[in-house]
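Novice:
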Ligand code: SF4
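Here it is as structure tokens:
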């Protein structure tokens, strides 16, 4: 069989909902013509979501500390313990930020932070229960396997106990942060002190088993090979296979994003191109037959690429994230207000809808008459770009989007 015939067959099988192997995914990624690849992914996406709806969520990423002992080379956010620019936020400040988020219509908070040497399970129990008690309507979709491993180590408890306790304290689901690149070689190159990719997968699998669903991410563009990108997908699918076999929930969404090169120790590395990103998006839709959602990271790639991704398998544009510091610190500059995000979806030919964490539609904007009227909702404001790191009750500025 010729390579082109082989590619056609794989694309057809993928478009029909069949399972493709990692080797086949790699062949598609490197050799499939762009348009048929995107079209096959689009077929899958349109069959799964025939209503033509593309979702977004309003949430806030709240960082409780930038102090971290893990020192990932790509990270522009963290400061080592005792560094003069290190900060931690008291619970009152986090609750104040939650209040602002609720006022602006957020339904979810992503509490993320560094691996503070003193933060064990008890810290997260107090944090999550305080947020839940004050704002029961906010879904806590937060942290990742790295934080869970860190807190279990600090407190000297098992992973199972750590997950069970933070779930009881209010954690609703786990954000897939910390996945970066899961295969060993690229992971060691960019995050030598972080847990292995296998360990990341084990924690996710255990959390799923204990009833805590999650999302999975991927940071591409720090020097990994094409084969390593596909290996990352395979590792995630293996975890999903365990959940599928067990009959419980696993990953709700896959969210690849491109590495941002400013202010970190990897400066100068090549970023993933937009074309590489879009091809990865399309292959992901075909490869992850049982992970229902695929999110475009327009924060790192820009709005136009986000729109193109909607035609290559993506059904969700993620968040109007009222605050984001981690990726912004590394140079992500794309911002939008709610109206622009809705227009981005509509002008790409889809129907915008606000969703909740479980991807249920809260408001479908069938026509412009259904659009929200609150002009204050602006995304990706970075509080640590301000002197003082947003410490001390600084209010969320309601700025105009670029
Ligand atoms: S990516 Fe996370 S774990 Fe790594 S240095 Fe930054 S804050 Fe720490």
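Residue numbers (my numbering): 708 to 1109. Quick reminder that beta carbons are idealized off the backbone N, C-alpha and C, glycines included. The model shown is predicted, which means the values in this text are computed figures rather than measured ones.
DSSP has residue 718 in a bridge; who is on the other side?
Specialist: In the chain shown, counting from the first residue as 1, residue 718 sits at position 11. Residue 718 is not bridged to any residue.
Novice: Should residue 739 and residue 760 be called a contact, given that it needs their Cβ atoms to be closer than 8 Å?
Specialist: Within the chain shown, residue 739 is the residue found at index 32, counting from 1. Within the chain shown, residue 760 is the residue found at index 53, counting from 1. The answer is no: Cβ separation not under 8 Å.
Novice: Just how far apart, CA to CA, sit residue 967 and residue 941?
Specialist: Within the chain shown, residue 967 is the residue found at index 260, counting from 1. Within the chain shown, residue 941 is the residue found at index 234, counting from 1. Between residue 967 and residue 941, the C-alpha separation is close to 24 Å.
Novice: If you measure from the CB of residue 961, is any heavy atom of the ligand SF4 nearer than 7 Å?
Specialist: As a position in the chain shown, residue 961 is number 254, starting the count at 1. Distances taken from the Cβ of residue 961 to the heavy atoms of the ligand SF4 include none shorter than 7 Å.
Novice: Looking only at C-alpha atoms, which of 950, 783, 869 sits nearest to residue 854?
Specialist: Indexing the chain shown from 1 puts residue 854 at position 147. Answer by Cα proximity: 869.
Novice: Where does the unbroken alpha helix (DSSP H) through residue 1118 begin, and where does it stop?
Specialist: One cannot answer for residue 1118 here, as it falls past the ends of the chain, which runs 708 to 1109.
Novice: Could you pull out every residue in the same chain whose Cβ sits closer than 7 Å to the Cβ of residue 996, ignoring the five residues on either side in sequence?
Specialist: Stepping through the chain shown from its first residue, residue 996 is reached at position 289. Within the same chain, and ignoring the five residues on either side of residue 996 in sequence, the residues whose Cβ sits closer than 7 Å to its Cβ are 724, 726.
Novice: Could you have a look at residue 756 and say whether DSSP puts it in helix, strand or coil?
Specialist: By one-based count along the chain shown, residue 756 stands at place 49. Coil at residue 756, not helix or strand.
Novice: In whole angstroms, give me the CA-to-CA distance for residue 1075 and residue 1046.
Specialist: In the chain shown, residue 1075 corresponds to position 368, counting from 1. In the chain shown, residue 1046 corresponds to position 339, counting from 1. C-alpha separation (whole angstroms): 10 Å.
Novice: Taking residue 936 and residue 973 to be in contact with their CB atoms under 8 Å, please state how far apart those CB atoms are, rounded to whole angstroms.
Specialist: Position 229 of the chain shown, counted from the start, is the residue given in the question as residue 936. Position 266 of the chain shown, counted from the start, is the residue given in the question as residue 973. In fact, because the Cβ distance is near 17 Å, the residues do not count as touching under 8 Å.
Novice: Just verifying my parser: in three-state terms, what is the DSSP assignment at residue 773?
Specialist: Residue numbering aside, residue 773 sits at position 66 when the chain shown is read from its first letter. Residue 773 falls in the coil class under three-state DSSP.
Novice: I'd like to know whether the C-beta atoms of residue 741 and residue 717 end up nearer to each other than 8 Å.
Specialist: If you number the chain shown from 1, residue 741 lands on position 34. If you number the chain shown from 1, residue 717 lands on position 10. Judged by beta-carbon spacing, residue 717 lies beyond the 8 Å limit of residue 741, meaning their Cβ atoms are not closer than that value.
Novice: Could you have a look at residue 1017 and say whether DSSP puts it in helix, strand or coil?
Specialist: In the chain shown, the residue the question calls residue 1017 occupies position 310. The answer is helix: DSSP assigns residue 1017 an H, G or I state.
Novice: List the endpoints of the continuous alpha helix (DSSP H) containing residue 840.
Specialist: Counting from 1 along the chain shown, the entry for residue 840 is found at position 133. Element bounds for residue 840: 828-841.
Novice: Can you give me the C-alpha to C-alpha distance between residue 1054 and residue 978, rounded to a whole angstrom?
Specialist: Translated into the one-based positions of the chain shown, residue 1054 becomes position 347. Translated into the one-based positions of the chain shown, residue 978 becomes position 271. Across the structure, residue 1054 and residue 978 are spaced so that their CA atoms are roughly 28 Å apart.
Novice: Would you report the Cα separation of residue 948 and residue 884, rounded to the nearest angstrom?
Specialist: Translated into positions along the chain shown, residue 948 becomes position 241. Translated into positions along the chain shown, residue 884 becomes position 177. Cα-Cα distance, rounded: 20 Å.
Novice: Any idea what DSSP makes of residue 958, helix, strand or coil?
Specialist: Numbered from 1 along the chain shown, position 251 holds the residue referred to as residue 958. In the structure shown, residue 958 sits in a strand (DSSP, three-state: E or B).
Novice: Classify residue 731: buried if its beta carbon has 16 or more other beta carbons within 10 angstroms, exposed otherwise.
Specialist: As a working mapping, residue 731 is identified with position 24 in the chain shown. The residue is buried, with at least 16 neighbouring Cβ atoms inside 10 Å.
Novice: Comparing alpha-carbon positions, which option in 721, 766, 776, 773 lies nearest residue 750?
Specialist: Position 43 of the chain shown, counting from 1, holds the residue named residue 750. For residue 750, the nearest C-alpha among the options comes from 721.
Novice: Which residues does DSSP pair with residue 652 in a beta bridge?
Specialist: Nothing can be reported for residue 652: it is not among the residues displayed for the chain, which extend from 708 to 1109.
Novice: Would DSSP call residue 1004 helix, strand or coil?
Specialist: Counting from 1 along the chain shown, the entry for residue 1004 is found at position 297. Looking at residue 1004 - three-state DSSP - the assignment turns out to be coil, as it is neither helix nor strand.
Novice: With respect to 7 Å, is the separation between the Cβ of residue 955 and the closest non-hydrogen atom of the ligand SF4 below this value?
Specialist: What you label residue 955 is simply residue 248 of the chain shown in a count that begins at 1. No, since every heavy atom of the ligand SF4 falls outside the 7 Å radius drawn around the Cβ of residue 955.
Novice: For residue 802, which residues of its own chain have a beta-carbon under 6 Å away from its beta-carbon, when the five flanking residues on both sides are left out?
Specialist: Along the chain shown, one-based indexing puts residue 802 at 95. Excluding sequence neighbours, residue 802 sits near 841.
Novice: Measuring only the C-alpha atoms, how far is residue 1088 from residue 710?
Specialist: Reading the chain shown from its first residue, position 381 is the one you call residue 1088. Reading the chain shown from its first residue, position 3 is the one you call residue 710. Bear in mind that the predicted position of residue 1088 carries a pLDDT of just 48, short of 50, making it too unreliable to give a figure here.
Novice: From the DSSP output, in three-state form, read off residue 853 for me.
Specialist: Residue 853 sits at position 146 when you count from the first residue of the chain shown. Helix.
Novice: With distance defined between alpha-carbon atoms, name the residue in 729, 861, 919, 892 nearest to residue 930.
Specialist: Working through the chain shown from its first residue, we reach residue 930 at position 223. Of the candidates 729, 861, 919, 892, the one whose C-alpha sits nearest the C-alpha of residue 930 is 892.
Novice: Cβ of residue 1017 within 8 Å of Cβ of residue 961?
Specialist: For the purposes of this step, residue 1017 is identified with residue 310 of the chain shown, where counting begins at 1. For the purposes of this step, residue 961 is identified with residue 254 of the chain shown, where counting begins at 1. Not in contact: residue 1017 and residue 961 (Cβ atoms no closer than 8 Å).
Novice: Taking the alpha helix (DSSP H) that residue 1047 falls in, what are its first and last residues?
Specialist: Position 340 of the chain shown, counting from 1, holds the residue named residue 1047. Secondary structure note for residue 1047: its alpha helix (DSSP H) is the uninterrupted segment 1045-1054.
Novice: Which whole-angstrom value describes the C-beta separation of residue 771 and residue 820, a residue pair presumed to lie in contact below a C-beta threshold of 8 Å?
Specialist: Residue 771 sits at position 64 when you count from the first residue of the chain shown. Residue 820 sits at position 113 when you count from the first residue of the chain shown. About 4 Å separates the two Cβ atoms, so the contact holds.
Novice: Write down the C-beta distance between residue 835 and residue 878 rounded to the nearest angstrom, noting that I regard them as a contact closer than 8 Å.
Specialist: The residue given as residue 835 occupies position 128 in the chain shown. The residue given as residue 878 occupies position 171 in the chain shown. Rounded, the Cβ-Cβ distance is 5 Å, consistent with contact.
Novice: Can you give me the C-alpha to C-alpha distance between residue 766 and residue 1044, rounded to a whole angstrom?
Specialist: Within the chain shown, numbered from 1, the residue matching residue 766 stands at position 59. Within the chain shown, numbered from 1, the residue matching residue 1044 stands at position 337. Their backbone Cα atoms lie some 13 Å apart in a straight line.
Novice: Identify the residues that DSSP records as bridge partners of residue 1059: which are they?
Specialist: To locate residue 1059, count along the chain shown from 1; it is residue 352. DSSP, once it has assigned bridges, lists 761 as partnering residue 1059.
Novice: So is the beta-carbon of residue 853 under 7 Å away from any non-hydrogen atom of the ligand SF4?
Specialist: By one-based count along the chain shown, residue 853 stands at place 146. At least one heavy atom of the ligand SF4 is nearer than 7 Å to the Cβ of residue 853, so yes.
Novice: Is residue 1068 helix, strand or coil by DSSP?
Specialist: Position 361 of the chain shown, counted from the first residue, corresponds to residue 1068. Three-state result, residue 1068: strand.
Novice: I'd like to check one pair, residue 872 with residue 838: are the Cβ atoms closer than 8 Å?
Specialist: Here residue 838 is taken as the residue at index 131 of the chain shown, counted from 1. Here residue 872 is taken as the residue at index 165 of the chain shown, counted from 1. Cβ distance not < 8 Å, so residue 838 and residue 872 don't count as in contact.
Novice: Going by the CB atoms, is the gap between residue 816 and residue 849 shorter than 8 Å?
Specialist: Taking the chain shown and counting its residues from 1, the one referred to as residue 849 is at position 142. Taking the chain shown and counting its residues from 1, the one referred to as residue 816 is at position 109. In this structure, residue 849 lies near residue 816, with their beta-carbon atoms less than 8 Å apart.
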